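Worksheet: the structure to be examined is printed underneath.
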Amino acid sequence: MIRRAVLVVLGLVWLGPTYLLLVNAARPAASYDPGRAWAPSSDFALFENFARALDSANLTQSLASTALYAVVSPLLGVIIGALAGYTIVVLRLRHGFFWFILIFGGTVFPSQMLLVPLFVGYSDAGLYDSRLGMILIYTAISVPLAAFVLRNFYTGVAFSIFEAARMDGASTWRIFWGIYLPISLSALTAVFILEFTFVWNDLIFGLTLTQTEDVRPVMTAIAGLMTDVYAGTPVPVGLAAGLVVSLPTVVLFLATQRLFARGLSLGSV
1 MIRRAVLVVL
11 GLVWLGPTYL
21 LLVNAARPAA
31 SYDPGRAWAP
41 SSDFALFENF
51 ARALDSANLT
61 QSLASTALYA
71 VVSPLLGVII
81 GALAGYTIVV
91 LRLRHGFFWF
101 ILIFGGTVFP
111 SQMLLVPLFV
121 GYSDAGLYDS
131 RLGMILIYTA
141 ISVPLAAFVL
151 RNFYTGVAFS
161 IFEAARMDGA
171 STWRIFWGIY
181 LPISLSALTA
191 VFILEFTFVW
201 NDLIFGLTLT
211 QTEDVRPVMT
221 AIAGLMTDVY
231 AGTPVPVGLA
241 AGLVVSLPTV
251 VLFLATQRLF
261 ARGLSLGSV
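Going left to right, the sequence shown walks through residues 1 to 269 as UniProt numbering numbers them.
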């Protein structure tokens, strides 16, 4: 009984910020009062606040750019990661473990360490504040996790499948696209969902590598909107923008949660 009560209390504490977000995002902007933040309002103005945020921060272009980054970059990342895992495990690349550590080792460094060299390199290469530059950085970030999961997955696939396909005259490229990629679809989907969520919610690279409204990610645009709460942007408007913009990742996860769990379990073989 005591254990259940403690869990209930901890759950309520954990859900407290979510409750505040929902209540105040749906509150009319003109009636916001910090002293009454916990009290729900009788008027529902969530979509009105979001429409105001769209106009104030021009979120439409940022949403389009973010959708492009969140789909293209993880898709390229999982394919490149699958190729890396296939080459290391199935084709038995010489010094394969070294190459795997080289690919995955970059993830041990905090992202903050990469910001200055990335900014300088992007500026020199003409990639700063460009959609191509953002696709490239998000793709590079997506590859290590995909390579890790797919390497583990292909380790559990019988090598006789590759040998049989080779005996039938299939090329290594055709074997990858026709056999290994389809059987790893669940693992690829799980990694894609994780990377989609990361790219969609990214703030730090958007702040560092973008500037214009048609290139910057949506979370960067919302961060700029929230910094103006003392300069005329009501708090409910910023909260509504953050809440509505976060919904695609929640919907994607809920719609694919079984496939997601299955894919991660397969990738942990």
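Yeah, the Cβ is synthetic: ideal placement off N, Cα and C, and Gly gets one too.
As the structure is a computational prediction, the values presented were derived from the model and not from experiment.
Own chain partners of residue i with C-beta closer than 7 angstroms, once the 5 adjacent residues on each side are dropped
| i | result |
| --- | --- |
| residue 144 | 103, 104, 106, 107 |
| residue 205 | 137 |
| residue 252 | 193, 196 |
| residue 88 | 96, 99, 100, 151 |
| residue 131 | 65, 68, 215 |
For residue i, the first and last residue of its enclosing alpha helix (DSSP H)
| i | result |
| --- | --- |
| residue 160 | 159-167 |
| residue 89 | Unbroken run through residue 89: none, as it is neither H nor E. |
| residue 24 | 2-25 |
| residue 284 | As displayed, the chain neither begins before 1 nor continues past 269, which places residue 284 out of reach and without an answer. |
| residue 177 | Segment: none, residue 177 is in no alpha helix (DSSP H) and carries neither H nor E. |
| residue 353 | Look at the range of the chain in this structure, 1 to 269, and you will see that residue 353 is not part of it. |
Cβ-based neighbour list, residue i, same chain, cut-off 6 angstroms, excluding 5 preceding and 5 following
| i | result |
| --- | --- |
| residue 80 | 143 |
| residue 222 | 241, 242 |
| residue 127 | 133 |
| residue 237 | 29, 49, 52, 53 |
| residue 180 | 86 |
Reduced DSSP secondary structure (H/G/I, E/B, other) of residue i
| i | result |
| --- | --- |
| residue 215 | coil |
| residue 38 | coil |
| residue 171 | coil |
| residue 243 | helix |
| residue 192 | helix |
| residue 182 | helix |
| residue 50 | helix |
| residue 70 | helix |
Pairwise C-alpha distance: residue j and residue i
| i | j | result |
| --- | --- | --- |
| residue 58 | residue 211 | 13 angstroms |
| residue 255 | residue 22 | 22 angstroms |
| residue 209 | residue 178 | 38 angstroms |
| residue 17 | residue 36 | 15 angstroms |
| residue 185 | residue 224 | 38 angstroms |
| residue 135 | residue 69 | 6 angstroms |
| residue 92 | residue 162 | 12 angstroms |
| residue 4 | residue 40 | 28 angstroms |
| residue 174 | residue 86 | 12 angstroms |
| residue 198 | residue 259 | 18 angstroms |
| residue 245 | residue 153 | 33 angstroms |
| residue 203 | residue 20 | 22 angstroms |
*Would you mind listing the alpha helix (DSSP H) stretches within the stretch 90-149 that are 4+ residues and don't spill past its ends, in chain order?*
96-105, 115-125
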